[in-house]
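Each residue of the sequence shown is one higher than the one before, counting from -19 in the working numbering.
Everything on this sheet refers to the single structure shown next.
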Amino acid sequence: MTARVDPLDLVRLLIGFDTTSRGTNLPLIDFAQELLEAAGARCRRTLDPDRIKANLFATFGPDAPGGIVLSGHTDVVPVDGQEWSSDPFNAEIRGNKMFGRGTCDMKGFVGVALSLLPEIAGAKLKRPIHFALSYDEEVGCAGVRGLLEDLGAAGIKPALAIVGEPTEMRVVGAHKAGAVLHTHCHGREGHSSKPHLGANAVMMAGEFVHLLESIGDGLRGDTDHRFDPPFTTVQANMIQGGSAVNILARDAVVTWEYRALPDRDPTLILDAVRSRAESEILPKYRANVADARFETEVHATYPGLVMDETSEAVLLARDVTGANQVEAVAYGTEAGHFQRAGISAVICGPGSIDQAHKADEFVALPELTKCEDFLRKVIAKAAA
């Protein structure tokens, strides 16, 4: 059995790995796998197409169906352009808070879970405890898809997953579905003094953004008040295009997203966007330029987590926390992917989503203590 490592020390070590999504996570995965295997875990990896990132899945206990997954992503968002008061990759404790990139989202949970390896290894588990550490959650939950496909191909079917995203240790049983999309606006260049001889892609983009706003407004009447906001949202967040102020732009790109109520059909949003752009915007531009057009590509999607208060995951989380209610959140996680794969899922982890992705990201130390107590009770349930 491996010696116990203080959870704060493990969280610090994990923060020290710069696992920004654009780079590799392999040094962190190597470190985690060494800890897991030293404690007796059976490990398997899945790699990204470029073989610079990996998911890690590890199992303790009986070689049997079912079991509990402790799930966390290893990647973090960039710190570029943010004004930090300390080194974001050198965790620092000030007062009752630990500061650093990923402390809240979500290396705090992963570090606490790994600190309990000696207890997991020493428990007489009657059902397996699995660890699932993924890559590229922050850029569309890309890694977990391969992890779940690998488990399916290997016939490994856990019963439930606890996804340790920051919920302040509240039990969350639902989140919205989402997608990131790029719409390319194709016009025709020309001198800006004669706009009628071209098609200005930047102006097309502006009308497209207005269309997104209109479609989003039309979805506000369909509500589920467990969420904040209680309706599906559609919004543009980035526009790129144009080369000079006196040139009609040939191309522009609008990057936009939707966050849909989880039990609705989000494909209807894209269908409406494409149909209305064709009928409401393009006729004006095609009067001058016949091949003016919009082309929309889906960059990333993730399914919603549909509320099921009778699911094994929710019942377990409520049992060990004593929670009287199950909440819903507007942000996305990998929990929807687990549920879609037939694995009951719940979200419960240390930290507040309000601190995620910001400069001076932090997790409150009492939250990590609560997480440690929570996971100890989960281990006890797996041994009962």
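Backbone N, C-alpha and C define an ideal beta-carbon position, used for all residues, glycine too.
message: Is it the case that the segment 313 to 329 contacts the segment 140 to 150, given that we only count it when at least three CB pairs across the two stretches are under 8 Å?
response: yes
message: Contact defined as beta carbons within less than 8 Å: I believe A329 pairs with P146. What is the distance between those atoms, to the nearest angstrom?
response: Along the sequence shown, one-based indexing puts residue 329 at 349. Along the sequence shown, one-based indexing puts residue 146 at 166. The sequence shown places Gly at residue 329, not Ala. That belief holds up - the Cβ atoms of G329 and P146 are roughly 5 Å apart, short of 8 Å.
task: Could I get the ranges of all uninterrupted beta strand (DSSP E) runs contained in the segment 256 to 283, with 3 residues as the minimum, in chain order?
output: 273 to 282
task: Pair every Cβ in the segment 118 to 135 with every Cβ in the segment 269 to 283, then say whether three or more of these pairs are closer than 8 Å.
output: yes
message: Just to confirm, is the Cβ distance from F211 to R200 under 9 Å?
response: Within the sequence shown, numbered from 1, the residue matching residue 211 stands at position 231. Within the sequence shown, numbered from 1, the residue matching residue 200 stands at position 220. For F211 and R200, yes; Cβs fall inside 9 Å.
message: Check this for me: beta carbons of V234 and A216, under 9 Å apart or not?
response: Taking the sequence shown and counting its residues from 1, the one referred to as residue 234 is at position 254. Taking the sequence shown and counting its residues from 1, the one referred to as residue 216 is at position 236. In this structure, A216 lies closer than 9 Å to V234 by Cβ.
message: Could you pull the DSSP bridge partners for L113 from this structure?
response: Here residue 113 refers to the residue found at position 133 when the sequence shown is read from its first residue. For L113, which the question treats as bridged, DSSP gives the partners L36, G52.
- prompt: To which residues does DSSP link M78 through a beta bridge?
  reply: For the purposes of this step, residue 78 is taken as the residue at position 98 of the sequence shown. DSSP output for M78 lists I73, V343 as bridge partner(s).
- prompt: Whole beta strand (DSSP E) runs in the segment 293 to 330 with 3 or more residues, listed along the chain?
  reply: 307 to 309, 324 to 327
message: Suppose only complete runs of 4+ residues qualify. What are the alpha helix (DSSP H) ranges in the segment 79 to 157, listed by chain order?
response: 88 to 95, 97 to 102, 122 to 134
field: Cβ separation of V152 and A308, assumed to be a contact under 8 Å, to the nearest whole Å
entry: Position 172 of the sequence shown, counted from the first residue, corresponds to residue 152. Position 328 of the sequence shown, counted from the first residue, corresponds to residue 308. Contact holds; Cβ gap of about 7 Å.
- request: Within its chain, find whatever has a CB closer than 6 Å to the CB of D130; leave out the 5 residues flanking it on each side and keep chain order.
  value: Counting from one through the sequence shown, the residue named residue 130 turns up at place 150. T26, listed in sequence order.
- request: Could you check which residue in L296, L8, R273 has the C-alpha nearest to that of E187?
  value: Looking up residue 187 in the sequence shown gives position 207. Comparing Cα-Cα distances from E187 to each of L296, L8, R273, the minimum goes to R273.
query: If we count the other Cβ atoms within 10 Å of its Cβ and call it buried at 16 or more, is E193 buried or exposed?
result: Taking the first residue of the sequence shown as 1, we reach residue 193 at position 213. So E193 counts as exposed.
message: Checking 9 Å against the spacing of the C-beta atoms, do A112 and L96 come in under that value?
response: Stepping through the sequence shown from its first residue, residue 112 is reached at position 132. Stepping through the sequence shown from its first residue, residue 96 is reached at position 116. Against a cut-off of 9 Å, the Cβ pair of L96 and A112 comes out as no contact.
query: How far does the beta strand (DSSP E) with Q220 in it reach, from first residue to last?
result: In the sequence shown, counting from the first residue as 1, residue 220 sits at position 240. Run containing Q220: 213 to 221, per the beta strand (DSSP E) assignment.
query: Which word fits Q13, buried or exposed, when buried means at least 16 other C-beta atoms lie within 10 angstroms of its C-beta?
result: Numbered from 1 along the sequence shown, position 33 holds the residue referred to as residue 13. Q13 is buried by the Cβ-count criterion.
message: DSSP three-state label for G61, please.
response: The residue given as residue 61 occupies position 81 in the sequence shown. Note: G61 maps to coil in three-state DSSP.
query: Thinking just about the alpha-carbon of each residue, which of V59, T(-1), L15 is nearest to the one in R(-16)?
result: Here the question's residue -16 lines up with position 4 in the sequence shown. Comparing Cα positions, the closest option is L15.
task: Going by DSSP, name the residue or residues bridged to D231.
output: Sequence index remark: in the sequence shown, residue 231 carries index 251 (1-based). Beta-bridge pairing links D231 to H166.
query: Between the segment 342 to 362 and the segment 76 to 89, are three or more C-beta pairs nearer than 8 Å?
result: yes
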